[in-house]
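*Asks:* Provided herewith is a single structure, encoded as structure tokens, for subsequent inquiry.
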Amino acid sequence: MKIHTIGGYNEVGKNMTAVEIGEDIIVFDCGLFLPAVIDLQENERNPTPQMLQTAGAIPDQKFLLKNKDKVRAFLITHAHLDHVGAVHNYVHKFPNAQVIGTPFTIEVLKALMQDSKQHLKNKLISIHPGGAINIKGKNTTYKAEFLNMTHSTIQSTMIALHTPEGIVAYANDYKLDNTPIMGSPPNYEKFRKLAKQGIKVAIIDCLYADTDRKTNSEKIARAMVEESLLTIDHGNNGIIISTFSSHIARLKSIVEFSKKLNREVIFMGRSLAKYTNAAKRVDQCPFAKDIRISTYTNQLKSSLKRVEKNRGKYVVVCTGHQGEEGSILDRLIKNKLHFNFTAKDSVIFSSKVIPAPVNIQHRAIMDKKLKQKDVRIFDNVHVSGHGGREDLRELLNILKPQHFIPSHGGFDKTTSGLNLAKEMGYKQNKNVHLCKNGTVIEVK
Ligand SMILES: [Zn+2]
């Protein structure tokens with residue numbers, strides 16, 4: 007079998023890895039490279055698939071187009087845009103290939119298609135975490151298992167692809183959270199069973215393999231949210247919280263502790279609405295009845311008018327934790343939504359600034375403006391969704407793959423995975439492989 011590392015090996019984003027066996031190709035993930043999308047959108051609100059391809063915002067298509075008739079399926083691990091976000095701008099070129107993911111992932115994909123008014127002829131198939139599906143190849147059938155994996159959005163999976171030449175395990179992205187707030191812990195039992203059968207090759211997220219840690223459970227983030235809301239006297243001041251819109255478990259914690267303050271919770275912003283509604287449609291939004299959602303400017307203004315008058319009675323959950331221009335928090339700070347911050351209002355960032363220059367700069371500007379208004383800031387009320395070095399060691403020990411391909415970034419990220427593997431007895435270019443976009447590894 008050949009593993010083609012198509013995207014996400016030169017950058018953090020546009021994840022895509024393809025497995026080629028004889029007459030069949032099965033593809034893992036189809037994501038966006040968000041910085042390129044943001045650059046594009048400065049000139050063009052709805053860039054075409056061709057524009058996205060030219061700008062390097064979606065995975066390269068040369069290899070797959072050359073082998074168009076062999077492409078059988080796109081298997082999507084989870085609902086983050088760097089894994090699912092390119093599907094509707096990519097898979098139409100392979101109309102016979104199925105797109106398979108967990109229900110939440112497929113709902114998010116449908117929402118993305120609706121936003122950009124695109125339609126796909128491809129079959130979209132939902133598989134519950136723990137489920138499996140058979141994929142018809144030319145001369146053989148492949149089984150793909152979608153196994154519970156923990157991360158920072160719901161229904162995230164590790165995919166195990168059973169082929170005549172062995173099992174391919176794809177764990178991109180993951181953390182090992184034994185006490186998740188939503189969903190089940192990683193399916194260790196199944197992982198061990200696969201290891202016993204023999205995993206030929208594992209592709210594993212190494213985004214934080216350079217960090218000497220075992221990433222904390224989401225239950226720690228929940229406790230941090232509790233601390234920032236319940237152990238501080240917020241009086242009758244405003245509370246504004248911003249977090250990742252796709253982080254449904256975090257939103258659940260935020261809503262539950264806000265309710266304990268006897269405050270009404272209002273979600274503001276289109277992307278919060280998109281992910282929350284997708285979660286609702288697949289019955290994964292336990293707080294649906296406890297929130298109101300405002301998206302359109304008029305809705306936002308009338309909701310905020312009420313908040314302004316009675317700020318002690320509400321918690322506003324909104325977009326903008328990366329300092330993004332045009333986000334709700336940005337517009338609130340710039341007085342564009344009939345709301346004025348007053349001294350002692352609290353802004354809670356249940357997030358971490360993504361360490362890219364543009365994010366750091368945007369947030370610094372935002373924080374400065376908030377401080378000029380004497381607002382209290384609670385930053386980093388957050389734990390990561392990605393495993394650290396010790397999670398990776400743990401996962402490699404459990405899966406015991408014959409070959410290991412570190413993923414989710416350039417050499418600056420993947421080299422740490424390589425070094426750990428070498429420490430564990432793997433040999434570079436023999437059974438641990440550092441890849442770039444476009445690398446082909448023949449696994450025997
Ligand atoms: Zn992710």
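Everything in the sequence shown is counted per the numbering used here, starting at 7 for the first residue and increasing by one.
The C-beta atom is built at its ideal place from N, Cα and C for all residues, glycine as well.
Using the three-state DSSP reduction, which class does I371 fall into: helix, strand or coil?
*Replies:* For the purposes of this step, residue 371 is identified with residue 365 of the sequence shown, where counting begins at 1. The answer is helix: DSSP assigns I371 an H, G or I state.
*Asks:* Starting from Q434, follow the alpha helix (DSSP H) in both directions and report where the run begins and ends.
*Replies:* Position 428 of the sequence shown, counting from 1, holds the residue named residue 434. Where Q434 is concerned, there is no enclosing alpha helix (DSSP H), given that its DSSP letter is neither H nor E.
*Asks:* Less than 8 Å between C-beta atoms, sequence neighbours within five positions excluded: which residues of the same chain meet that for L376?
*Replies:* The residue you call residue 376 lines up with position 370 of the sequence shown. The residues are I339, F347, V353, I383.
*Asks:* Below 8 Å, how does it come out for the stretch 27 to 40 and the stretch 417 to 424: are there three or more Cβ pairs, yes or no?
*Replies:* no
*Asks:* Quick one, which of F39, L343, P292 has its alpha-carbon nearest N304's?
*Replies:* Reading the sequence shown from its first residue, position 298 is the one you call residue 304. Looking at the Cα atoms, L343 is the closest of the given residues.
*Asks:* Report, in whole angstroms, the separation of the C-beta atoms of K280 and A117, which I expect to be a contact under 8 Å.
*Replies:* Here residue 280 corresponds to residue number 274 of the sequence shown, with the count starting at 1. Here residue 117 corresponds to residue number 111 of the sequence shown, with the count starting at 1. So it is a contact: roughly 5 Å between Cβ atoms.
*Asks:* With DSSP as the reference, identify every bridge partner of M274, one or two as the case may be.
*Replies:* As a working note, residue 274 is residue 268 in the sequence shown. According to DSSP, which records beta bridges pairwise, M274 is partnered with S300, C324.
*Asks:* Could you pull out every residue in the same chain whose Cβ sits closer than 7 Å to the Cβ of I139, ignoring the five residues on either side in sequence?
*Replies:* Taking the sequence shown and counting its residues from 1, one reaches residue 139 at position 133. Correct list, in chain order: I106, I131, I133, A150.
*Asks:* Tell me, to the nearest whole angstrom, how far the beta carbon of I297 is from that of V271; I am working on the premise that it is less than 8 Å.
*Replies:* Residue mapping note: residue 297 aligns to position 291 of the sequence shown, counting from 1. Residue mapping note: residue 271 aligns to position 265 of the sequence shown, counting from 1. Indeed, because the Cβ distance is near 5 Å, the residues count as touching under 8 Å.
*Asks:* Between G415, N437, K436, which has its C-alpha nearest Y15's C-alpha?
*Replies:* On the sequence shown, residue 15 is found 9 positions in, with the first residue counted as 1. For Y15, the nearest C-alpha among the options comes from G415.
*Asks:* Should D88 be counted as a contact of ligand 1 given a C-beta to heavy atom distance under 8 Å?
*Replies:* Numbered from 1 along the sequence shown, position 82 holds the residue referred to as residue 88. Within the cutoff, so yes.
*Asks:* Compare the Cα-Cα distances from A349 to each of H327, P361, Q378 and report the closest residue.
*Replies:* Numbered from its first residue, the sequence shown carries residue 349 at position 343. Nearest of H327, P361, Q378 to A349, Cα basis: Q378.
*Asks:* Apply the 10 Å Cβ neighbour rule to I238 and answer buried if 16 or more other Cβ atoms are within range, or exposed otherwise.
*Replies:* Position 232 of the sequence shown, counted from the start, is the residue given in the question as residue 238. Burial call: exposed.
*Asks:* Is S333 near ligand 1, with its Cβ less than 8 Å from a heavy atom?
*Replies:* Residue mapping note: residue 333 aligns to position 327 of the sequence shown, counting from 1. Not under cutoff, so the answer is no.
*Asks:* With a threshold of 8 Å (Cβ to nearest heavy atom), would H253 be considered close to ligand 1?
*Replies:* Working through the sequence shown from its first residue, we reach residue 253 at position 247. Because no heavy atom of ligand 1 lies under 8 Å away, the Cβ of H253 does not count as near it: no.
*Asks:* Taking contact to mean at least 3 C-beta pairs separated by less than 8 Å, is the stretch 211 to 227 in contact with the stretch 317 to 326?
*Replies:* no
*Asks:* Determine which residues share a DSSP beta bridge with A208 and list them.
*Replies:* Counting from 1 along the sequence shown, the entry for residue 208 is found at position 202. For A208, which the question treats as bridged, DSSP gives the partners A175, F410.
*Asks:* Provide the residue span of the alpha helix (DSSP H) that contains Y96, from first to last.
*Replies:* For the purposes of this step, residue 96 is taken as the residue at position 90 of the sequence shown. Unbroken run through Y96: none, as it is neither H nor E.
*Asks:* Can you tell me where the alpha helix (DSSP H) with K258 in it begins and where it stops?
*Replies:* As a first step, residue 258 must be located in the sequence shown, where it is residue number 252. Note, K258: alpha helix (DSSP H), 254 to 266.
*Asks:* Going by DSSP, what residues sit across from K517 in a beta bridge?
*Replies:* Outside the shown range of the chain, which is 7 to 450, sits residue 517, and nothing can be said about it.
*Asks:* According to DSSP, L81 sits in a beta bridge with which residue or residues?
*Replies:* As a working note, residue 81 is residue 75 in the sequence shown. DSSP lists F34, I106 as the bridge partner or partners of L81.
*Asks:* Going by beta-carbon coordinates alone, are L235 and I209 separated by less than 9 Å?
*Replies:* Looking up residue 235 in the sequence shown gives position 229. Looking up residue 209 in the sequence shown gives position 203. No. Outside cutoff.
*Asks:* Excluding the 5 residues flanking N222 on each side, which residues of the same chain have their C-beta closer than 7 Å to its C-beta?
*Replies:* Taking the sequence shown and counting its residues from 1, the one referred to as residue 222 is at position 216. Excluding sequence neighbours, N222 sits near V389.
*Asks:* Cβ of T156 within 8 Å of any heavy atom in ligand 1?
*Replies:* Locating residue 156 in the sequence shown gives position 150, where the first residue counts as 1. Incorrect: T156 has no Cβ contact closer than 8 Å to ligand 1.
*Asks:* So if DSSP puts T11 in a beta bridge, which residue, or which two residues, is it bridged to?
*Replies:* Numbered from 1 along the sequence shown, position 5 holds the residue referred to as residue 11. In the DSSP output, where bridge partners are listed per residue, T11 has T23, T445.
*Asks:* Ends of the beta strand (DSSP E) at L200?
*Replies:* Start at 1 with the first residue of the sequence shown, and residue 200 comes out as number 194. From DSSP, L200 is part of no beta strand (DSSP E) but of the alpha helix (DSSP H) over 194 to 203.
*Asks:* Would you check whether ligand 1 has a heavy atom nearer than 8 Å to the C-beta of T108?
*Replies:* Residue mapping note: residue 108 aligns to position 102 of the sequence shown, counting from 1. No, since every heavy atom of ligand 1 falls outside the 8 Å radius drawn around the Cβ of T108.
*Asks:* Name the DSSP beta bridge partners of G394, please?
*Replies:* Here residue 394 corresponds to residue number 388 of the sequence shown, with the count starting at 1. DSSP, once it has assigned bridges, lists Y214 as partnering G394.
*Asks:* In angstroms with no decimal places, state the Cα-to-Cα distance between N283 and I64.
*Replies:* Residue 283 sits at position 277 when you count from the first residue of the sequence shown. Residue 64 sits at position 58 when you count from the first residue of the sequence shown. Distance between the alpha carbons of N283 and I64: 26 Å.
*Asks:* So what does I247 bridge to, in DSSP terms?
*Replies:* Against the sequence shown, residue 247 aligns to sequence position 241. Looking at the DSSP output, I247 bridges to V323, I354.
*Asks:* Is any non-hydrogen atom of ligand 1 found closer than 8 Å to the C-beta of T348, if you look at the structure I gave you?
*Replies:* Working through the sequence shown from its first residue, we reach residue 348 at position 342. It does not: the Cβ of T348 is nowhere closer than 8 Å to a heavy atom of ligand 1.
*Asks:* Pick from T147, Y432, M372: whose alpha carbon is nearest that of R399?
*Replies:* If you number the sequence shown from 1, residue 399 lands on position 393. Selected option, being the one with the closest Cα: Y432.
*Asks:* Going by the CB atoms, is the gap between H368 and Q408 shorter than 9 Å?
*Replies:* For the purposes of this step, residue 408 is identified with residue 402 of the sequence shown, where counting begins at 1. For the purposes of this step, residue 368 is identified with residue 362 of the sequence shown, where counting begins at 1. Cβ distance not < 9 Å, so Q408 and H368 don't count as in contact.
*Asks:* Under the rule that 16 or more other beta-carbon atoms within 10 Å means buried, what is N95, buried or exposed?
*Replies:* Sequence index remark: in the sequence shown, residue 95 carries index 89 (1-based). Buried, by the Cβ-count rule.
*Asks:* Are I246 and L335 close, meaning C-beta to C-beta below 9 Å?
*Replies:* As a position in the sequence shown, residue 246 is number 240, starting the count at 1. As a position in the sequence shown, residue 335 is number 329, starting the count at 1. Note that the C-beta distance between I246 and L335 is below 9 Å.
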